Amino acid sequence: MAEDGMSSPFSDSPVFRFAPSPNGHLHLGHALSAMLNHDMAKAAGGRFLLRMEDIDLSRCTPEFEDMIYRDLRWLGLDWEKPVRRQSQHFDLYRQALERLREMQLIYPAFMTRGEIRSRVAASEDTGSSWPRDPDGSPLYPPDDRERSEEERAGLIAAETHHAWRLDIAKAKALIGRPLSWQETGDGTLQRVDADPAIWGDVVLSRSDAPSTYHLSVVVDDALQGITHVVRGQDLFSATAIHRLLQELLRLPEPVYHHHRLILGSDGRKLSKSEGSTGITALRQDGLRPDDIRRLVGL
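Numbering (UniProt numbering), first residue to last: 1 to 298.
What follows is the structure in structure tokens.
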């Protein structure tokens with residue numbers, strides 16, 4: 001996307017990144033991802049970058065960011081400077097969104113969470129099942145996608161709260177071919193079929209943020225020249241959306257590696273709210289970096 005000022009600095013050496021959100025303490029799951037990225041970059045003779053995904057300005061704080069730096073340094077990791085902060089690049093995400101708008105692939109979505117729940121419940125009360133995404137959330141109803149341009153313009157002029165969603169069906173039709181991605185999570189390189197339709201019409205921008213995770217992550221990975229995306233298995237299915245956006249915006253395709261998750265005592269993936277698994281708490285309990293590597297299986 002050089003013509004839009006979004007050219008990619010791809011180099012010959014592999015480039016890996018760890019991209020946490022500074023909205024809480026790092027836990028063992030983050031430690032696994034950070035150390036795995038760092039180790040794989042070192043083994044490949046590549047580069048290791050750190051990125052702060054701090055689009056949510058209401059939850060992300062400088063204090064949490066400082067704690068991330070402290071925890072990663074304690075783990076023995078080093079990264080290239082400067083650190084990229086998403087909050088400093090909102091204009092680039094707006095450019096990408098505008099590109100999709102010009103392609104007529106996004107539409108304003110006005111339904112509130114309560115209205116969505118009511119719509120889904122009404123359908124299910126009649127015995128009809130409502131499609132859900134891989135995380136179990138109901139897909140967005142088609143009402144807003146089917147509105148006329150006049151209706152949309154009127155609602156926007158009336159300052160009706162809205163988000164911008166990607167019209168998945170239209171986007172897939174524009175690409176016109178099956179999508180897939182390169183995956184090395186099981187230790188071998190293979191191509192995995194990608195079906196973004198399983199997510200429905202995902203949100204790409206909200207009134208309180210010019211970009212959501214899906215849009216900002218593909219823009220940032222391209223701009224930073226990321227060649228290998230190493231992240232948790234919980235994001236495996238989301239890669240289908242990212243591959244679609246990469247194709248639409250003509251961004252490079254990295255190699256993906258989705259690693260196992262570190263689970264809590266309840267068998268669910270760790271949360272930042274679980275202080276007992278936080279890196280800071282474990283360090284204060286007297287554990288050493290080698291102990292953390294052992295705990296995460298490295």
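Backbone N, C-alpha and C fix where the C-beta goes; we use that ideal spot for every residue, glycine too. A quick note: this is a predicted structure, and the numbers were derived from the prediction, not measured.
Residues bridged to residue i (per DSSP)
i: L26; result: Answer is none; L26 lacks a bridge partner.
i: M52; result: R85
i: K269; result: L263
i: Q182; result: R191 and V255
i: P138; result: R132
i: W164; result: P108 and S205
i: R47; result: V15
Residue i (DSSP reduced to helix, strand or coil)
i: I262; result: coil
i: G278; result: strand
i: S33; result: helix
i: W199; result: helix
i: A19; result: coil
i: G232; result: strand
i: S7; result: Model confidence at S7 stands at a pLDDT of 42, short of 50, so the residue's coordinates are unreliable and nothing is read from them.
i: V120; result: helix
i: M103; result: coil
i: T239; result: helix
i: V79; result: With the sequence shown as reference, residue 79 is identified as Trp, and Val is not the correct amino acid for it. Three-state result, W79: coil.
i: D290; result: helix
i: A158; result: coil
i: M1; result: Bear in mind that the predicted position of M1 carries a pLDDT of just 41, short of 50, making it too unreliable to give a figure here.
i: R152; result: helix
i: I175; result: helix
i: L248; result: helix
i: E115; result: helix
i: D285; result: coil
i: D91; result: helix
i: E98; result: helix
i: L295; result: helix
i: D39; result: helix
i: D125; result: helix
Anticipated Cβ contact below 8 Å, residue i with residue j, distance rounded
i: I168; j: G200; result: 6 Å
i: M52; j: E65; result: 6 Å
i: S33; j: G187; result: Not really, about 17 Å apart at Cβ, beyond 8 Å.
i: V218; j: L245; result: 5 Å
i: S87; j: D54; result: 5 Å
i: A163; j: R206; result: 5 Å
i: G225; j: V15; result: 5 Å
i: H258; j: F236; result: 5 Å
i: R73; j: Y107; result: In fact, because the Cβ distance is near 45 Å, the residues do not count as touching under 8 Å.
i: L57; j: R17; result: Wrong, their Cβ atoms sit about 21 Å apart, outside the cutoff.
i: A173; j: Y140; result: So it is not a contact: roughly 18 Å between Cβ atoms.
i: L261; j: A222; result: Wrong, their Cβ atoms sit about 26 Å apart, outside the cutoff.
i: P289; j: L75; result: 5 Å
Residue i at chain D interface by Cβ criterion, 9 Å
i: Y213; result: Among the protein chains of the structure shown there is no chain D, as only one such chain exists.
Residue range of the alpha helix (DSSP H) that includes residue i
i: H214; result: Y213 to L223
i: D66; result: P62 to W74
First and last residue of the uninterrupted beta strand (DSSP E) at residue i
i: I106; result: I106 to A109
Report yes or no: do the segment 119-126 and the segment 98-110 share at least 3 C-beta pairs separated by less than 8 Å?
Cβ pair count under 8 Å is below three, so no.
Contact between the segment 22-36 and the segment 276-285 is defined here as three or more beta-carbon pairs at a separation below 8 Å; is this criterion met?
Yes, the segment 22-36 touches the segment 276-285.
Measuring CB atoms only, is the segment 176-184 touching the segment 103-115, in the sense that at least three cross pairs come out at less than 8 Å?
no
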